[in-house]
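Asker: Following UniProt numbering, the numbering of the sequence shown begins with 1 at its first residue and continues without gaps.
One structure, pasted below without further comment.
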Amino acid sequence: MDTIGMQAVEAIFDALGDVAFFVKDRDGRYLSINRTMVRRCGVRHKKDVLGKTALELFPRALAETYLAQDRQVIASGTAIDKQLELHIYPGRGRGWCITKKIPLFGKDGDVVGLIGTSQDLGLLDDLHPAYRQIARIAQHISDHYRENISLKALAEEAGLSLSRVERLFQKVFQHSPRQLLVQCRLAAARTLIEQDPGAKIAAIAYECGYTDHSAFSRQFKSYVGMSPTEYGRQMKQD
Numbered sequence: 001m002d003t004i005g006m007q008a009v010e011a012i013f014d015a016l017g018d019v020a021f022f023v024k025d026r027d028g029r030y031l032s033i034n035r036t037m038v039r040r041c042g043v044r045h046k047k048d049v050l051g052k053t054a055l056e057l058f059p060r061a062l063a064e065t066y067l068a069q070d071r072q073v074i075a076s077g078t079a080i081d082k083q084l085e086l087h088i089y090p091g092r093g094r095g096w097c098i099t100k101k102i103p104l105f106g107k108d109g110d111v112v113g114l115i116g117t118s119q120d121l122g123l124l125d126d127l128h129p130a131y132r133q134i135a136r137i138a139q140h141i142s143d144h145y146r147e148n149i150s151l152k153a154l155a156e157e158a159g160l161s162l163s164r165v166e167r168l169f170q171k172v173f174q175h176s177p178r179q180l181l182v183q184c185r186l187a188a189a190r191t192l193i194e195q196d197p198g199a200k201i202a203a204i205a206y207e208c209g210y211t212d213h214s215a216f217s218r219q220f221k222s223y224v225g226m227s228p229t230e231y232g233r234q235m236k237q238d
C-alpha cells in the first residue's frame with residue numbers, strides 16, 4: 001500500500017473510537033496505526049508507537065500473545081478472525097476486544113506483514129448488566145482453561161441458566177463460552193510449540209486441557225491453518 005493510500009485508511013479508522021487499527025511488518029514493528037491504538041498503548045502520539053513492537057508497548061504477557069498471533073498469520077499466510085482476548089487499558093482497566101489480522105503479501109507472493117483491527121467491547125466495570133453478569137465467567141475460562149471446566153456449574157454460580165449464559169456470551173462477545181475455551185487452549189498450545197517446536201504433540205495437548213490429542217490436532221489445524229507438527233516445523237525453519 002502506498003503512503004497516500006495508508007494515510008487515507010488511517011484517516012478513516014481515526015474516526016472510530018472503539019476500533020484499534022494497525023499495520024505491522026514481518027518482525028512485528030508497527031508501520032501504521034490510528035488514534036485509538038495510540039490511546040490503547042498509553043502514549044500521546046503516533047510517533048511514540050511507530051517502529052516499535054508490542055514488547056516495547058504492552059505488559060509482557062499480553063505482548064507475547066500478540067506476537068504469537070502475528071507469527072501465526074505470517075507463518076501460515078492465513079487470517080485470524082474474531083479472536084476474543086482480554087486487554088489491559090491505560091489506567092489498568094481490564095476489558096475484552098475482538099481482533100482480526102490479515103496477512104499482507106508482496107509482489108513475489110511472500111508474506112511481508114499484516115494488517116488488523118481490534119474492536120473494544122468495553123471495560124469489565126461497564127454498566128451494561130449483561131456484561132457484568134458474564135465477565136467473571138469469561139475471566140474464569142481464560143484463567144483455568146487447562147482444567148475440566150463445567151460451564152453449567154459456572155452458570156449456576158452466577159445465578160443463571162446455561163442457555164442464558166450462552167445467549168449473553170453471543171450478545172456481548174459474539175462467541176459462545178465453548179468457543180472462548182477452545183481459543184484459550186489453542187492459543188496456549190501455539191505458544192508452547194513456539195517455545196519448543198520439537199515437543200511431543202500429546203504432551204502439549206494434555207498441558208492445554210485436552211485428553212484426546214487427535215481432537216486437539218483437528219482443532220489446532222482448523223484454528224491455525226496447519227497441523228501442530230507442521231506449525232512446529234515452520235517455527236524451526238524461522
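By construction, the Cβ of each residue, glycine as well, lies at the ideal position given by its N, Cα and C atoms.
Does the segment 188-195 touch the segment 34-43, meaning 3 or more C-beta pairs lie closer than 8 Å?
Answerer: Taking 8 Å as the limit for Cβ pairs, the verdict is that the segment 188-195 does not touch the segment 34-43.
Asker: Distance, Cα to Cα, residue 112 vs residue 225?
Answerer: Cα to Cα, residue 112 sits roughly 18 Å from residue 225.
Asker: Just confirm the distance between the C-beta atoms of residue 80 and residue 99, as a whole number of angstroms; I'd bet it's less than 8 Å.
Answerer: With 8 Å as the limit, residue 80 and residue 99 qualify as a contact, their Cβ atoms being about 7 Å apart.
Asker: Buried or exposed for residue 34, going by 16 or more other Cβ atoms inside 10 Å?
Answerer: Result: buried.
Asker: Does the contact criterion of 3 or more C-beta pairs under 8 Å hold for the segment 65-77 versus the segment 101-117?
Answerer: Contact between the segment 65-77 and the segment 101-117 is present, because at least three Cβ pairs lie under 8 Å.
Asker: Only counting runs of 4 or more residues, tell me where the alpha helix (DSSP H) segments fall wholly within the segment 121-191, in order along the chain.
Answerer: Listed in chain order, the complete alpha helix (DSSP H) runs (minimum 4 residues) inside the segment 121-191 are 129-143, 151-157 and 162-173.
Asker: Considering only C-alpha positions, which residue in the set 134, 173, 217 and 198 is nearest to residue 187?
Answerer: If we check each option's Cα against that of residue 187, 217 comes out closest.
Asker: Which residue's Cα is closest to the Cα of residue 138: 97, 108 and 65?
Answerer: Nearest C-alpha to residue 138: 97.
Asker: Mind checking which residues open and close the beta strand (DSSP E) that includes residue 25?
Answerer: Residues 19-25.
Asker: Please list, in chain order, all residues of the same chain as residue 51 whose beta carbon is under 6 Å from its beta carbon, the five residues on each side excluded.
Answerer: Correct list, in chain order: 29.
Asker: I need the boundaries of the beta strand (DSSP E) containing residue 31, first residue and last residue.
Answerer: Its beta strand (DSSP E) spans residues 30-33.
Asker: Name the DSSP bridge partner or partners of residue 103?
Answerer: In the DSSP output, where bridge partners are listed per residue, residue 103 has 114.
Asker: So what does DSSP say about residue 70, is it helix, strand or coil?
Answerer: Three-state DSSP puts residue 70 in a helix.
Asker: Taking contact to mean at least 3 C-beta pairs separated by less than 8 Å, is the segment 165-172 in contact with the segment 194-211?
Answerer: Judged by Cβ distances under 8 Å, the segment 165-172 makes no contact with the segment 194-211, as fewer than three pairs qualify.
Asker: Is it right to say residue 12 is buried, meaning 16 or more other beta carbons lie within 10 angstroms of its own, or is it exposed?
Answerer: Result: exposed.
Asker: Considering only the alpha carbon of each residue, which of 56, 230 and 178 lies closest to residue 209?
Answerer: Considering only alpha carbons, the answer is 178.
Asker: Which same chain residues end up closer than 8 Å to residue 45 when comparing Cβ atoms and leaving out the 5 residues on each side of it in sequence?
Answerer: Answer for residue 45: 38, listed in chain order.
Asker: Provide the residue(s) that pair with residue 83 in DSSP beta bridges, ordered along the chain.
Answerer: According to DSSP, which records beta bridges pairwise, residue 83 is partnered with 99.
Asker: Does the beta-carbon distance from residue 121 to residue 173 come in below 8 Å?
Answerer: Taking 8 Å as the Cβ cut-off, residue 121 and residue 173 qualify as a contacting pair.
Asker: Within 10 angstroms of the Cβ of residue 107, are there 16 or more other Cβ atoms? Answer buried if so, exposed if not.
Answerer: So residue 107 counts as exposed.
Asker: Excluding the 5 residues preceding and the 5 following residue 133 in the sequence, name in chain order all residues of the same chain whose CB lies nearer than 7 Å to its CB.
Answerer: Cβ within range, chain order: 158, 160 and 168.
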